[in-house]
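Undergrad: Pasting a structure below so you can have a look.
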Amino acid sequence: MVAPQPPPPPPPPPPHLLNLPAEIRNVIYDSIILASLKLGEGVEGGECIPLRQALTKQPTLAQTCRKLRREVLSMWYARGEKLLIDIEQDIGPCYGWAEFCVRPPITGKGEGGFECMERHGEYG
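Counted the way this note's numbering counts, the sequence shown spans residues 189 to 312.
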(Lines of atoms letter the chains of each structure in order from A and count residues from 1; the text may use other names and numbers.)
(Lines give C-alpha, C1' and ligand atoms only; values in the text may rest on other atoms or scores of the structure.)
Protein backbone atom coordinates (compact mmCIF):
# COMPACT_ATOMS: atom_id res chain seq x y z
CA MET A 1 0.00 0.00 0.00
CA VAL A 2 1.32 3.42 -0.95
CA ALA A 3 1.21 6.16 1.68
CA PRO A 4 -0.81 9.22 0.65
CA GLN A 5 1.25 12.15 -0.54
CA PRO A 6 1.11 15.28 1.63
CA PRO A 7 -0.52 18.24 -0.07
CA PRO A 8 1.88 20.57 -1.84
CA PRO A 9 2.93 23.65 0.12
CA PRO A 10 0.95 26.79 -0.61
CA PRO A 11 2.53 29.12 -3.16
CA PRO A 12 4.55 31.97 -1.69
CA PRO A 13 2.73 35.27 -1.40
CA PRO A 14 3.27 37.63 -4.31
CA PRO A 15 6.06 40.16 -3.77
CA HIS A 16 4.85 43.34 -2.15
CA LEU A 17 6.74 46.49 -1.22
CA LEU A 18 5.42 46.44 2.34
CA ASN A 19 6.72 42.88 2.85
CA LEU A 20 10.31 44.05 2.32
CA PRO A 21 12.48 44.92 5.34
CA ALA A 22 12.34 48.59 6.37
CA GLU A 23 16.00 49.13 5.41
CA ILE A 24 15.35 48.06 1.81
CA ARG A 25 12.14 50.12 1.63
CA ASN A 26 14.11 53.17 2.82
CA VAL A 27 16.65 52.72 0.01
CA ILE A 28 13.78 52.52 -2.49
CA TYR A 29 12.08 55.59 -0.99
CA ASP A 30 15.33 57.55 -1.08
CA SER A 31 15.79 56.74 -4.79
CA ILE A 32 12.21 57.79 -5.51
CA ILE A 33 12.63 61.00 -3.52
CA LEU A 34 15.81 61.96 -5.37
CA ALA A 35 14.07 61.29 -8.68
CA SER A 36 11.09 63.37 -7.54
CA LEU A 37 13.32 66.31 -6.66
CA LYS A 38 14.67 66.20 -10.24
CA LEU A 39 18.03 67.41 -9.01
CA GLY A 40 20.37 68.08 -11.88
CA GLU A 41 17.76 67.47 -14.58
CA GLY A 42 18.70 69.43 -17.65
CA VAL A 43 21.65 71.18 -16.00
CA GLU A 44 23.92 70.69 -19.01
CA GLY A 45 21.24 71.98 -21.36
CA GLY A 46 20.81 75.14 -19.31
CA GLU A 47 17.43 74.14 -17.85
CA CYS A 48 17.06 74.00 -14.09
CA ILE A 49 14.32 73.28 -11.56
CA PRO A 50 13.42 76.09 -9.11
CA LEU A 51 14.12 74.95 -5.56
CA ARG A 52 10.64 75.68 -4.22
CA GLN A 53 9.07 73.64 -7.03
CA ALA A 54 11.50 70.78 -6.42
CA LEU A 55 10.69 70.66 -2.70
CA THR A 56 6.90 71.04 -2.85
CA LYS A 57 5.91 68.35 -5.37
CA GLN A 58 5.51 65.22 -3.27
CA PRO A 59 6.23 61.79 -4.74
CA THR A 60 3.14 59.98 -6.02
CA LEU A 61 4.11 56.90 -3.99
CA ALA A 62 2.96 58.86 -0.93
CA GLN A 63 -0.59 58.80 -2.32
CA THR A 64 -1.00 55.01 -2.44
CA CYS A 65 -1.81 54.11 1.18
CA ARG A 66 -1.45 55.52 4.70
CA LYS A 67 1.56 53.43 5.66
CA LEU A 68 3.52 54.36 2.54
CA ARG A 69 2.47 58.00 2.92
CA ARG A 70 3.80 58.08 6.49
CA GLU A 71 7.08 56.36 5.58
CA VAL A 72 7.74 58.23 2.32
CA LEU A 73 6.82 61.71 3.55
CA SER A 74 8.94 61.41 6.70
CA MET A 75 11.96 60.79 4.46
CA TRP A 76 10.75 63.40 1.92
CA TYR A 77 10.66 66.22 4.47
CA ALA A 78 13.92 65.11 6.09
CA ARG A 79 15.62 65.13 2.66
CA GLY A 80 14.23 68.59 1.85
CA GLU A 81 15.34 70.00 5.19
CA LYS A 82 18.84 68.56 4.71
CA LEU A 83 18.95 70.00 1.20
CA LEU A 84 18.14 73.49 2.46
CA ILE A 85 20.73 73.22 5.25
CA ASP A 86 23.39 72.05 2.74
CA ILE A 87 22.60 74.95 0.42
CA GLU A 88 22.78 77.48 3.27
CA GLN A 89 26.16 76.09 4.33
CA ASP A 90 27.48 76.15 0.76
CA ILE A 91 26.37 79.65 -0.23
CA GLY A 92 25.29 81.33 3.00
CA PRO A 93 21.84 82.75 3.51
CA CYS A 94 20.44 83.76 0.17
CA TYR A 95 17.53 86.09 -0.41
CA GLY A 96 14.75 84.72 -2.53
CA TRP A 97 16.05 81.14 -2.07
CA ALA A 98 13.07 79.82 -3.99
CA GLU A 99 14.43 81.38 -7.17
CA PHE A 100 17.66 79.43 -7.00
CA CYS A 101 18.10 76.15 -8.81
CA VAL A 102 19.89 73.13 -7.42
CA ARG A 103 22.10 70.47 -8.91
CA PRO A 104 24.01 67.56 -7.40
CA PRO A 105 27.69 67.97 -6.55
CA ILE A 106 30.23 67.65 -9.35
CA THR A 107 31.45 64.36 -7.86
CA GLY A 108 28.22 62.77 -9.14
CA LYS A 109 27.77 60.69 -6.00
CA GLY A 110 24.43 62.34 -5.30
CA GLU A 111 24.97 62.69 -1.55
CA GLY A 112 24.79 65.97 0.34
CA GLY A 113 26.82 69.01 -0.61
CA PHE A 114 24.30 70.26 -3.14
CA GLU A 115 25.41 73.38 -4.93
CA CYS A 116 23.22 76.36 -5.61
CA MET A 117 23.28 77.46 -9.23
CA GLU A 118 22.87 81.02 -10.40
CA ARG A 119 19.48 82.68 -10.19
CA HIS A 120 17.28 81.35 -12.95
CA GLY A 121 17.34 83.74 -15.88
CA GLU A 122 19.59 86.43 -14.38
CA TYR A 123 22.99 85.09 -15.40
CA GLY A 124 23.63 83.89 -18.95
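The C-beta atom is built at its ideal place from N, Cα and C for all residues, glycine as well.
Nothing here was measured: the structure is a model prediction, and the numbers come from that model.
For residue 251, name the three-state secondary structure that DSSP assigns.
TA: Working through the sequence shown from its first residue, we reach residue 251 at position 63. If DSSP states are grouped into helix, strand and coil, residue 251 belongs with the helices.
Undergrad: What did DSSP end up calling residue 189 once you bin it into helix, strand or coil?
TA: Indexing the sequence shown from 1 puts residue 189 at position 1. Residue 189 falls in the coil class under three-state DSSP.
Undergrad: Once DSSP output is grouped into helix, strand and coil, what is the label at residue 208?
TA: Here residue 208 refers to the residue found at position 20 of the sequence shown. Residue state, collapsed to three classes: coil.
Undergrad: Among the residues of its own chain, which have a CB less than 8 angstroms from the CB of residue 263, if the five just before and after it don't count?
TA: Locating residue 263 in the sequence shown gives position 75, counting from the first residue. Contacts found: 214, 217, 218, 221.
Undergrad: Rounding to the nearest angstrom, what Cα-Cα distance links residue 257 and residue 267 in this structure?
TA: Taking the first residue of the sequence shown as 1, we reach residue 257 at position 69. Taking the first residue of the sequence shown as 1, we reach residue 267 at position 79. Spanning the two alpha carbons is a distance of roughly 15 angstroms.
Undergrad: So is residue 190 buried or exposed if we call it buried at 16+ other beta carbons inside 10 Å?
TA: Reading the sequence shown from its first residue, position 2 is the one you call residue 190. So residue 190 ends up on the exposed side.
Undergrad: Excluding sequence positions up to five away, which residues of its chain have a Cβ less than 6 angstroms from the Cβ of residue 261?
TA: Position 73 of the sequence shown, counted from the start, is the residue given in the question as residue 261. Cβ within range, chain order: 250.
Undergrad: Within the same chain, show all residues whose beta-carbon is closer than 8 angstroms to that of residue 205, passing over the 5 residues directly before and after it, in chain order.
TA: Your numbering for residue 205 matches position 17 in the sequence shown. These residues qualify, in order along the chain: 213, 216, 256.
Undergrad: Have a look at residue 198 and residue 253 and give me their C-alpha separation to the nearest angstrom.
TA: Numbered from its first residue, the sequence shown carries residue 198 at position 10. Numbered from its first residue, the sequence shown carries residue 253 at position 65. Distance between the alpha carbons of residue 198 and residue 253 is about 28 angstroms.
Undergrad: Suppose you measure from the CA of residue 223 to the CA of residue 265; what does that come to, to the nearest Å?
TA: As a working mapping, residue 223 is identified with position 35 in the sequence shown. As a working mapping, residue 265 is identified with position 77 in the sequence shown. Rounded to the nearest angstrom, the two C-alpha atoms are 14 angstroms apart.
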